[in-house]
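Here's the structure, in structure tokens; my notes come after.
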Amino acid sequence: MTGRVATLRRLWRLMIALAFSAMACAVPVSGKPQTTPLPQGDGFIQPFGQTRYLIDPQGRMDLAQVLNASDRFKPIERRWIDFGNRGGRIWFTTRIANTGERDGMWMLDLQRQWADSLDVWKVGTDGTRTRLLTLTGQSTLADRPVRNRYIAVPLDMAAGEIADVVIGHSGSTGSWLPLTFATQEAYRNAHQREERTNWAINGALAALIAMALALGRIATWRLVLSYCVYALTGGLLVANAEGYLFEFVWPDRPGWYQSANLALVLALIAAGLAFSRNFTRLGERRPGMDRWLRGFMALVVAAIPLAVFTPHATLTHVAVYCAVAIGAAVYLAIAAEAVRARILGALPFAIGAVVLASTLGFAGLVLAFPGQYAVSVVLDYVHATLLIEGIAFLIAIVLRIISIRDERNRAVAAELEASQEKLRLSEQLAESQRRYDETRRLADARRARIASTSHDLQQPLVSLRRSITAIGEPGSEERARAQAALDYLEGITDQGLAESAPDAQPEEAPDHGRESFPISIIVANCAAMFAREAEAGGIDLLGERSEAIVHADPVVLMRIASNLVSNAIKHSQGSHISIAARETEERVVLEVSDDGRGFTPEELADFSRAYAKGTDSSGHGLGLHLVKTACDEHGFGLEIDSRPGSGATFRVAIAKG
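Positions in the sequence shown are counted from 1; adding 1 to them yields this note's numbering.
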């Protein structure tokens, strides 16, 4: 209800503004020629009130006929020189004077990028006629007296000279012609300011696109790419409307201006609807509406060739205007549906949709009431709209990513809880195994196991030491990390003691520890256990989720993974470590990768021996030896891929569950 009231208030304010604009435009203007003094210094003037016009419906009059029909010229009774889209030719005349004491040059800035036909003359009081400009729809950028995306004409005036400037103009893109007389300094400064503003906005749009692409690994690529296509299409549309594509891309093809404008408008509608469809997941929520939307998008795309090859046809213009109106309405409807369904990110998405619809509404107002509003303001609004809308849509995507992350965290927490329950249920079995092994362990085996257990204990103890001071309230992230480390300590201690009996024979030990479980439990526990240690070392530790099921002893597999991660944190000298699981046809491969210094072939050969250490290692030389021993004992495949300076990847192949 509040939103409707606010909308009604805005409409009421707009009606009041229109009323005052109409009153302002009703001020009578004299029909006699009035002389406009040319500006001095860093100045400019737009003599709309002193400019008169004559409409030539057939477009056949020449300059002599126009000068003879001076009594038929009428004063411009509008705020701006704009008569909308109409056929024929419009003639304008305005009288200017150089009131200074020196000769000078001024710039007649027409502020148009393109015209079907444009002629400019200077007619002296003695009847002398000087042609200043002649352009057609096929004139290239090199044909212009000033090489610029906007049409401008140098104007020489002697001291005290008075002359009439006569302009004949026809254009299929409208009759907007804001005559501006400026000094060379003012002309240069104005265009430099506009260039800086435009490139700053374009740079911001490019930055938004780059940020969105950076989020593609987290969000769905379809959503991110549809956003990027929409933002890029909008940027190209503004660049073409501003004349940049003509200036830098096709300076010899002026006729492409209108075709590109209409084609990019249609492409922008299709891209915007595609983004809104992906953002709201319309196919899942409203399949009927989604089918209708896809059909409309197909029609819009099919109309693009029409815009390219027949840009001046009435049918093309009608198709584009209808597509814009329907597209804006559908866009708002989808935004309303997103808000109603409480889709995360719906509010910024709806704000962007409202801003876009408002800009389109203003553009329609300018077309409906030519001469009352500046056409150039529409381009400024479109520029600002693309930036605001881009920021709003990017915020919506970020909120969507946060939602995805929270869902994943909840799933991981549930898996961790299930794994902890399984480990608790296996404690009795571990106790029986310890009793069995205590009577059969040899002295050498006991020493090796004690050394192994001591090495393994060092890794979770480091994590505990870093987390114990920040445990905080129950349920905190730090307490969860400490609990994961404690569980792992309990598991490896139990197993180490169980295997340290004097007369134990490994080949006779029953396979009580093997079970089927998701390997994501191992990945998540390792990531949680070593998160603080990695953070303290400035290392980005990433655990990738996997749905694969393995059949193995979870404690043994945890020991292998933790040894690999700990070794990478302490000795790789890298900045990124990833823990992932890849599923093949027969096995699941656990991968621990880093981007550190890597290993030489000699170091890799030595790692199969106990107490062998790397050249820069300060450890005991047991970690990788224990990994290899555990893999051999439990039938896991072990592969090491490393080169000096290129990091290392350890792959452990495990049987599927």
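The beta carbon of each residue, even a glycine, is placed where N, CA and C say it ideally should be.
For VAL167, which option in VAL154, ALA537 and ARG287 has the closest C-alpha, if you only look at C-alpha atoms? As a first step, residue 167 must be located in the sequence shown, where it is residue number 166. It is VAL154.
Considering only the alpha carbon of each residue, which of TRP257, ALA336 and ALA304 lies closest to PHE280? As a first step, residue 280 must be located in the sequence shown, where it is residue number 279. The shortest Cα separation from PHE280 among TRP257, ALA336 and ALA304 belongs to ALA336.
Are the CB atoms of THR52 and ILE82 within a distance shorter than 9 Å? Within the sequence shown, the letter at position 81 stands for residue 82. Within the sequence shown, the letter at position 51 stands for residue 52. Yes, Cβ-Cβ distance for ILE82 and THR52 is below 9 Å.
May I have the straight-line CA-CA distance separating PRO76 from LEU68, to the nearest angstrom? Here residue 76 is taken as the residue at index 75 of the sequence shown, counted from 1. Here residue 68 is taken as the residue at index 67 of the sequence shown, counted from 1. Cα to Cα, PRO76 sits roughly 16 Å from LEU68.
Secondary structure at ASP407, three-state DSSP: helix, strand or coil? Here residue 407 refers to the residue found at position 406 of the sequence shown. Reduced to three states, the DSSP call for ASP407 is helix.
First and last residue of the alpha helix (DSSP H) that includes ALA159? To locate residue 159, count along the sequence shown from 1; it is residue 158. Per DSSP, ALA159 belongs to no alpha helix (DSSP H) and is neither H nor E.
Would you check if the distance between the CB atom of THR630 and the CB atom of ILE641 is smaller than 9 Å? Your numbering for residue 630 matches position 629 in the sequence shown. Your numbering for residue 641 matches position 640 in the sequence shown. Cβ atoms of THR630 and ILE641: not closer than 9 Å.
Among the residues of its own chain, which have a CB less than 6 Å from the CB of GLY353, if the five just before and after it don't count? Indexing the sequence shown from 1 puts residue 353 at position 352. Once the five neighbours on either side are set aside, the close Cβ partners of GLY353 are GLU390, ALA393 and PHE394.
How about LEU109 and TRP122: are their beta carbons less than 9 Å apart? Locating residue 109 in the sequence shown gives position 108, where the first residue counts as 1. Locating residue 122 in the sequence shown gives position 121, where the first residue counts as 1. Taking 9 Å as the Cβ cut-off, LEU109 and TRP122 do not qualify as a contacting pair.
Suppose the cutoff is 6 Å on Cβ atoms and the five residues either side in sequence are ignored; what does the same chain contact list for ALA569 look like? Residue numbering aside, residue 569 sits at position 568 when the sequence shown is read from its first letter. Excluding sequence neighbours, ALA569 sits near ILE578 and ASP595.
For VAL524, count the other beta carbons within 10 Å of its own beta carbon; 16 or more makes it buried, fewer makes it exposed. Which is it? Here the question's residue 524 lines up with position 523 in the sequence shown. The residue is buried, with at least 16 neighbouring Cβ atoms inside 10 Å.
So, with DSSP's three-state summary, where would you put ALA326? As a position in the sequence shown, residue 326 is number 325, starting the count at 1. In the structure shown, ALA326 sits in a helix (DSSP, three-state: H, G or I).
Exposed or buried, what is TYR322 when buried is set at 16 or more other beta-carbons lying within 10 Å of its beta-carbon? Residue mapping note: residue 322 aligns to position 321 of the sequence shown, counting from 1. Counting Cβ neighbours within 10 Å, TYR322 comes out exposed, since fewer than 16 surround it.
Out of ARG278, PHE182 and PHE363, which one is the CA nearest neighbour of LEU39? By 1-based counting over the sequence shown, the position of residue 39 is 38. Per the Cα distances, PHE182.
Starting from HIS170, trace the beta strand (DSSP E) in both directions and tell me its first and last residue. Position 169 of the sequence shown, counted from the start, is the residue given in the question as residue 170. That run of the beta strand (DSSP E) goes 163-171.
Helix, strand or coil: how does DSSP classify GLU422 here? Within the sequence shown, the letter at position 421 stands for residue 422. GLU422 falls in the helix class under three-state DSSP.
Nearest chain B C-beta to ILE520 closer than 9 Å, yes or no? Of the chains in the structure shown, none is chain B; there is only one protein chain.
Might you give, ordered along the chain, the residues of its own chain that have their beta carbon closer than 6 Å to the beta carbon of ALA375, omitting 5 neighbours on each side? On the sequence shown, residue 375 is found 374 positions in, with the first residue counted as 1. Once the five neighbours on either side are set aside, the close Cβ partners of ALA375 are TRP81.
Can you tell which of ARG61, ALA342, LEU142 and GLU162 has the C-alpha that lies nearest to the C-alpha of GLU102? What you label residue 102 is simply residue 101 of the sequence shown in a count that begins at 1. Per the Cα distances, GLU162.
Could you tell me the distance, in whole angstroms, from the CA atom of TRP251 to the CA atom of ARG79? Stepping through the sequence shown from its first residue, residue 251 is reached at position 250. Stepping through the sequence shown from its first residue, residue 79 is reached at position 78. Taking the straight line from one Cα to the other gives about 35 Å.
Taking all protein chains shown into account, decide if MET530 is buried (16 or more other Cβ within 10 angstroms of its Cβ) or exposed. Taking the first residue of the sequence shown as position 1, residue 530 is located at position 529. It is buried - the Cβ of MET530 has at least 16 other Cβ atoms within 10 Å.
Nearest-angstrom Cβ-Cβ length linking ASN340 and ALA351, presumed shorter than 8 Å: Here residue 340 refers to the residue found at position 339 of the sequence shown. Here residue 351 refers to the residue found at position 350 of the sequence shown. Here residue 340 is Val; the residue named in the question, Asn, does not match the sequence. The Cβ separation is near 5 Å, so the contact holds.
Best match in GLU587, ASP291 and ALA240 for proximity to VAL331 [C-alpha to C-alpha]: Here residue 331 is taken as the residue at index 330 of the sequence shown, counted from 1. Nearest option by C-alpha distance: ASP291.
GLU516, DSSP secondary structure in three states: In the sequence shown, counting from the first residue as 1, residue 516 sits at position 515. Correct three-state label for GLU516: strand.
Residue nearest to ARG96 in terms of C-alpha spacing, selected from HIS170, GLN35 and SER563: Here residue 96 is taken as the residue at index 95 of the sequence shown, counted from 1. When each option's Cα is compared against that of ARG96, the closest is GLN35.
For THR100, collect the residues of the same chain with a Cβ closer than 8 Å to its Cβ; drop the 5 residues on either side in sequence, then sort them by chain order. Position 99 of the sequence shown, counted from the first residue, corresponds to residue 100. So the qualifying residues of the chain are PRO38, LEU39 and GLY161.
Distance check for ARG287 and GLN59, CA to CA, integer angstroms please. Within the sequence shown, numbered from 1, the residue matching residue 59 stands at position 58. Within the sequence shown, numbered from 1, the residue matching residue 287 stands at position 286. About 53 Å.
For ASN564, count neighbouring Cβ atoms within 10 angstroms of its own Cβ and tell me buried if that reaches 16, exposed if not. Reading the sequence shown from its first residue, position 563 is the one you call residue 564. Buried is the call here.
By DSSP's criteria, PHE651 is part of a beta bridge. Which residues make up the other side? Reading the sequence shown from its first residue, position 650 is the one you call residue 651. Answer is VAL593 and ILE641.
Residues in its own chain within less than 7 Å of LEU64 by CB, not counting five upstream and five downstream? Along the sequence shown, one-based indexing puts residue 64 at 63. For LEU64, where only same-chain residues beyond five positions count, the Cβ hits under 7 Å are TRP122, ARG130 and VAL167.
Using alpha carbons as the reference points, say which of SER567, TYR151, PHE297 and ALA98 lies closest to PHE249. Stepping through the sequence shown from its first residue, residue 249 is reached at position 248. Looking at the Cα atoms, TYR151 is the closest of the given residues.
Where does the unbroken beta strand (DSSP E) through SER1 begin, and where does it stop? Since the first residue of the chain shown is 2 and the last is 658, residue 1 is not available in this structure.
Let me confirm a value: HIS701 is counted as buried when at least 16 other C-beta atoms fall within 10 Å, else exposed. Which label applies? The shown model of the chain, from 2 to 658, leaves out residue 701, and the question about it has no answer.
According to DSSP, is PHE249 part of a helix, a strand, or is it coil? Position 248 of the sequence shown, counted from the first residue, corresponds to residue 249. Note: PHE249 maps to helix in three-state DSSP.
Coil, strand or helix - PRO555 by DSSP: Position 554 of the sequence shown, counted from the start, is the residue given in the question as residue 555. Reduced to three states, the DSSP call for PRO555 is helix.
For LEU224, name the three-state secondary structure that DSSP assigns. As a position in the sequence shown, residue 224 is number 223, starting the count at 1. Three-state DSSP puts LEU224 in a helix.
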